[in-house]
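All remarks here apply to the structure that follows.
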Amino acid sequence: MARGNAITLPVCGRDVKFTLEVLRGDSVEKTSRVWSGNERDQELLTEDSLDDLIPSFLLTGQQTPAFGRRVSGVIEIADGSRRRKAAALTESDYRVLVGELDDEQMAALSRLGNDYRPTSA
């Protein structure tokens, strides 16, 4: 999926049009934030706890886009906070599928991501 491409996916039974946005690695933490409803403790995301992601980010970059929404010019991340931190630490591009999501949809995407990877870190 090239930058700016769009895809429509169902979230909580409603179709959402997502557009791929690419954030530069050196500005990831300025241009995005993790949604406040995300259960993952962001303080636990360190080079050590991300040792499963960092090597692949350095070798090939991010392979799976995160999901989020734009709020007041900043992208809020529902699913992809580990990838966000890995991108920031390695100054790699961070790819996010951005759509118009309400809090229910943000919570569903966040839960889905955390079910895949435990919230401890």
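Residue numbers for the sequence shown follow the working numbering, beginning at 59 and rising by one.
Glycine included, every Cβ here is placed at the ideal spot set by N, Cα and C.
1. What separation, rounded to the nearest whole angstrom, lies between the Cα atoms of residue 150 and residue 126?
2. Considering only the alpha carbon of each residue, which of 64, 71, 63, 66 lies closest to residue 166?
3. Nearest-angstrom Cα distance between residue 141 and residue 156?
4. If you draw a straight line from the C-alpha of residue 91 to the C-alpha of residue 134, how long is it?
5. When you compare only the Cα positions, how much space is there between residue 103 and residue 118?
6. Please classify residue 163: is it buried, with 16 or more other beta-carbons within 10 angstroms of its beta-carbon, or exposed?
7. Run the CB neighbour count on residue 106, radius 10 Å, all protein chains shown included, and call it buried at 16 or more, exposed below.
8. From residue 131 to residue 77, what does the alpha carbon distance come to, in whole angstroms?
9. Hey, would you say residue 83 sits closer than 8 Å to residue 152, going by beta carbons?
10. Give a yes or no on whether the C-beta atoms belonging to residue 137 and residue 114 are separated by under 8 Å.
11. Quick check: what's the CA-CA separation for residue 144 versus residue 111?
So, to answer that:
1. As a first step, residue 150 is located in the sequence shown; it is residue number 92 there, counting from the start. As a first step, residue 126 is located in the sequence shown; it is residue number 68 there, counting from the start. Each residue's Cα considered, the two are about 18 Å apart.
2. In the sequence shown, residue 166 corresponds to position 108, counting from 1. Among 64, 71, 63, 66, the Cα nearest to that of residue 166 belongs to 71.
3. For the purposes of this step, residue 141 is taken as the residue at position 83 of the sequence shown. For the purposes of this step, residue 156 is taken as the residue at position 98 of the sequence shown. Cα-Cα distance, rounded: 15 Å.
4. Position 33 of the sequence shown, counting from 1, holds the residue named residue 91. Position 76 of the sequence shown, counting from 1, holds the residue named residue 134. So the two alpha carbons sit approximately 5 Å from each other.
5. Here residue 103 is taken as the residue at index 45 of the sequence shown, counted from 1. Here residue 118 is taken as the residue at index 60 of the sequence shown, counted from 1. One alpha carbon belongs to residue 103, the other to residue 118, and they sit about 21 Å apart.
6. Taking the first residue of the sequence shown as position 1, residue 163 is located at position 105. So residue 163 counts as buried.
7. Position 48 of the sequence shown, counted from the start, is the residue given in the question as residue 106. In this structure residue 106 is exposed. Its beta-carbon is surrounded by fewer than 16 other beta-carbon atoms within 10 angstroms.
8. Counting from one through the sequence shown, the residue named residue 131 turns up at place 73. Counting from one through the sequence shown, the residue named residue 77 turns up at place 19. The alpha-carbon separation between residue 131 and residue 77 amounts to approximately 15 Å.
9. Position 25 of the sequence shown holds residue 83. Position 94 of the sequence shown holds residue 152. The answer is yes: Cβ separation under 8 Å.
10. As a position in the sequence shown, residue 137 is number 79, starting the count at 1. As a position in the sequence shown, residue 114 is number 56, starting the count at 1. For residue 137 and residue 114, no; Cβs fall outside 8 Å.
11. For the purposes of this step, residue 144 is taken as the residue at position 86 of the sequence shown. For the purposes of this step, residue 111 is taken as the residue at position 53 of the sequence shown. Those two C-alpha atoms are separated by around 7 Å.
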